[in-house]
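These notes concern the structure reproduced below.
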Amino acid sequence: MTPELGQLALILALAMAVFQAVIPLAGASRNQPVWMAMARPLSWAQFFFLLLAFLCLVQAFATDDFSVAYVANHSNSALPLEYKVSAVWGGHEGSLLLWVLILSAWGFAVSLYSKSLPLVMVSRVLSVMGMISVGFLLFVLMTSNPFLRNLPFPPTDGGDLNPLLQDPGLIFHPPMLYMGYVGFSVAFAFAIAALLGGRLDAAWARWSRPWTTVAWCFLTLGISLGSWWAYYELGWGGWWFWDPVENASLMPWLAGTALVHSLAVTEKRGVFKSWTVLMAILAFSLSLLGTFLVRSGVLTSVHAFAADPGRGMFVLGFLLLVVGGSLTLYAFKAPVVRSKGEFSALSRETLLLGNNVLLAVALAVVLLGTLFPLLYQALWNDMISVGPSYFNFLFVPLCWLTGLLMTVGVIANWKKSLLSWLGRQLMFSAIGSVVLGVALSLMVKGDFTWQALISFVVALWIVAGILLDLRAKTRNKPTLWAGLSSLKPSLYGMHLAHLGLAVSIVGVVMTTNYSQQVDIRMTPGQQAQVGDFTFKFEGVSRGAGPNYLADIGTLRVYRDNEQVTVLNPEKRMYQVRGQVMSDPGIQAGFFEDLYVALGEKMDNGAWSLRLHVKPYVRWIWLGSILMALGGVLAVADRRYRIAVKKNSKQKAGNAAMEKAGSMA
Amino acid sequence: MKQNSRLKLFLPLGIFLVLCGFLYVGLFLNKTDLPSALLDEPFPEFQAVGLKDPSQVITRKDVIIGKPALVNVWATWCIACKVEHPFLTDLAERGVAIIGINYKDDRAEALRWLDQLGNPYLFNIADEDGRLGLNLGVYGAPETYLIDAEGVIRYKHIGIVDENVWQDILKPRYEQLQVK
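For the record, the sequence lines run as chains A and B.
Residue 483 in this note's numbering sits at position 483 of the first sequence, with consecutive numbering throughout.
Just so we're on the same page, this note's numbering is the position in the second sequence counted from 1, plus 1000.
Structure follows, in structure tokens:
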């Protein structure tokens, strides 16, 4: 019964989405307040029905209802409960349902936190979000229904979830990622609503900013969760592969990062409106493109869902409608008037625009690299593949440039900065970061590389910019503490996010350049030296998990004859699919990870093993956590300011009353 | 002047439409079939060295083993290959002959891979510079060619070979070739 209930809820959600797309928009154009006011309740209804449908699917998984084809293909009765639940989004149909659910949740949030917005704006925004929902719900119902039954002969047990996906990281990775992807739909809807109403102004930018930043935080965390998962689950110690689907998540992130910054300029200075609106359209369009690439089978990838041209056609048509439609609207309605004379060639505005352009170029590099095999085949009917060398060759220098420009942008003034003044401000930081960078790259254990040197300098330069700005802003206060506590949380947010980038750069460059790795055949009792660490192999025992058998190795790790840790790499044999998975033993550390993967059994009780020491690898993800935290601080600031205003009004009121009382 | 700047705003739309054109074509490009040129053609002439033993010279006639076989293109840099690997091992245990082409890869890494994950291959051709791959029209890894007992390419599958692909696509063709 429950799957049918879910199916019904999906259809009802579609109906609500259709109403939500049509009625408020018609109301906005005909100035009918009642029609416009329906936007909010309709978005609640849509969210409710989607939540219901989603819970029905969760229930089907939790109760092992293998008469539902999707459950039978992606679950198994021996699967632990938490993986049964996460298996809901382990395949195409369910993850798409999660996508729409999150979309409607964002719509729900917009309807709740838009009290201060004009009704016309809210109705247009929710209507645009309704249109997107209609498209995706049609996609689910027409091509990818998760509730289809396997009747009359349901299998007795399911085909199991891919063992690669049976992992805590994968419980959170897709929801986080989708929160980010889909979150950009809010910025997109605001942009379209503003274009429709002809109101591209500072108010529009102010409304969009918190939504964009929150979505960006989710996407940042989602991507780094994915990277972390690849690191410990694939058993290679790699953390980024330039895989088409990884690129599909990186592209909206780059556009979103550009958007977050250009929104700031548009809000504060009222310029770059056309560019900002384009970035808002782009960020969400790239999320949609990512969906297309992953689900159409156009590109081959480890993440790719089952290829199906029917689905591909649907998404392409939808993409054409949404992106083509919004870009047409953009072409006709975006403002062309250049805001003249408001800022000079050297100002924070131009520097931010410069970094926006760098981000856009980086985006183009990734897009081209991802689609090139496709273009090549279409044009010359031949097949090629683009490897990581292309991406690294172009992407890394762009990162450096962005980092270098970033600090100048942080220090420069709005409107106008004098070159001589900027030079004086930055000279010591420049000399300092170069000297310290050279020193670091010589001190680090391992061979000198130019890549490491430049990256150190860039990271130090970013940190120097943060310190310089904090000093400039606190210099006139009596004490440093008084100065620091007078600064706004959003400023700290910005600096924290920038610091995150520096931290990630250090993590990437250390891991890439100074990781040590030994592949070795070991008999029990044997020792091996990797860097400063001695790994002592104690043998392999048999164990069993809920749905797998495992060979579990034991290695004691010593540094200077003191035991650091015991690692237990596993080789798991998942019984349902007969797949073998390596589960590495990892000792995570702030300065280095010890990482051991168990290989094949050899003669005489010997095993092949791969031992890694990976310096600073945690910093890659630590950096992205800092970036996301920075975003949270920046958003918290706005609410905080509103709350304070209310508070002070209240205080003033109280004071007035007290005064009146004392006078009486 | 104003007209001009308005025209610029159409640029994103133009780029997007061109992109859609490619994506549309892309949907109908056969990524699972061979470009027609090599289908039912003999395996191309080549000369390469073995993966395990770089002094061993392998040519086209080594690929003709007198029964149908799968030729699997793989590399250690390819994540999908890692996903595919256990199933290949499984297939090899069922008695299917699989020849490996280690494509644009590092020899030491590749040997470690086989050492750690198991070796389902009869033998492996080291195609370090990707020349054999180029002649075969390799799009990326993993790719699997089905060749018959005379070394004629009968089918090409792009992407991971798993139980579904094997049962639905490759096995029927493989069995047909066995009967011949």
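Just so it is clear, CB atoms sit at the ideal spot from N, CA and C, and this is done for glycine as well.
A quick note: this is a predicted structure, and the numbers were derived from the prediction, not measured.
The DSSP assignment places complete alpha helix (DSSP H) segments of no fewer than 4 residues inside the region 351-425 of chain A at 388-411, in order along the chain. For the C-beta of Arg610(A), the chain B residues within less than 9 Å are, from N- to C-terminus, Arg1112, Gln1116. Note on Asn1164(B): under 16 other CB atoms within 10 angstroms of its CB, so exposed under the neighbour-count rule.
When secondary structure is reduced to three states using DSSP, Leu594(A) falls in the strand class. Per DSSP, the continuous beta strand (DSSP E) segment holding Ser608(A) begins and ends at 607-615. For Phe292(A), the nearest CB of chain B lies under 8 Å from its own CB, placing it at the interface with that chain.
Asp64(A): not part of any alpha helix (DSSP H); DSSP gives it neither H nor E. Close to Ser1005(B), with beta-carbon spacing below 7 Å, are these residues of chain A in chain order: Val336. Residues of chain A with a Cβ closer than 7 Å to the Cβ of Lys1082(B) are, in chain order, Leu234. Under a 10 Å Cβ-count criterion, Ile1015(B) is classified as exposed, with fewer than 16 other Cβ atoms of the shown protein chains found around its own Cβ.
In this structure the region 515-524 of chain A lies against the region 611-624 of chain A, because at least three pairs of beta carbons, one per stretch, are closer than 8 Å. If only uninterrupted beta strand (DSSP E) runs of at least 3 residues are considered, those enclosed by the region 501-529 of chain A are 516-522. Along the region 1086-1114 of chain B, the positions whose C-beta sits under 7 Å from a C-beta of chain A are Pro1086, Asp1090, Arg1112, read in chain order. Three or more beta-carbon pairs separated by less than 8 Å link the region 76-93 of chain A to the region 539-553 of chain A, which places the two stretches in contact.
About 5 Å separates the beta carbons of Phe136(A) and Val100(A), which is inside the 8 Å limit, making them a contact pair. Using a Cβ-Cβ cut-off of 8 Å, Val1049(B) does not count as an interface residue toward chain A, since no Cβ of chain A sits closer than that to its own.
Chain B has a Cβ within less than 8 Å of the Cβ of Val323(A).
Think of a sphere of 9 Å around the beta carbon of Met313(A): the chain B residues whose beta carbon falls inside it are Tyr1024, Leu1027, in chain order.
Think of a sphere of 7 Å around the beta carbon of Ile1125(B): no beta carbon from chain A falls inside it, the nearest being about 18 Å out.
Assignment of Gln1116(B) by DSSP, reduced to helix, strand and coil, places it in the helix class. Beyond the five residues adjoining it in sequence on each side, Pro489(A) comes within less than 7 Å, by CB distance, of Leu633, Ala636, Asp637, Tyr640 in the same chain, given in chain order. Counting only Cβ-Cβ distances below 8 Å, Leu633(A) has no contacts in chain B at all, with the closest Cβ about 33 Å away. Per DSSP, the continuous alpha helix (DSSP H) segment holding Asp1062(B) begins and ends at 1060-1063.
For chain B, the residues of the region 506-536 of chain A that bring a beta carbon within less than 7 Å of one of its beta carbons are Asp519, in chain order. The C-beta of Leu112(A) has fewer than 16 other C-beta atoms within 10 Å across all chains shown, which makes the residue exposed. For Ile1147(B), the closest Cβ of chain A is not nearer than 8 Å.
Counting along the chain, Glu1143(B) sits inside no alpha helix (DSSP H); it lies in the beta strand (DSSP E) bounded by residues 1143-1147.
Under the criterion of beta carbons closer than 8 Å, Val508(A) and Thr534(A) do not qualify as touching, at roughly 28 Å.
For Tyr178(A), the uninterrupted alpha helix (DSSP H) segment begins and ends at 168-197. For the pair Leu1009(B) and Ala187(A), the CB atoms are not nearer than the 8 Å cut-off. Cα atoms of Leu367(A) and Val125(A): separation of roughly 28 Å, rounded to the nearest angstrom.
Within 10 angstroms of the beta-carbon of Gln1178(B) lie fewer than 16 other beta-carbons, which makes it exposed.
The C-alpha of Asn568(A) is placed about 11 Å away from the C-alpha of Leu594(A). Note on geometry: alpha-carbon atoms of Thr474(A) and Glu562(A) lie some 46 Å from one another. At a cut-off of 8 Å, the C-beta of Leu1132(B) has no neighbouring C-beta in chain A. Partner residues in the beta bridge of His1157(B), as assigned by DSSP, are Thr1144(B).
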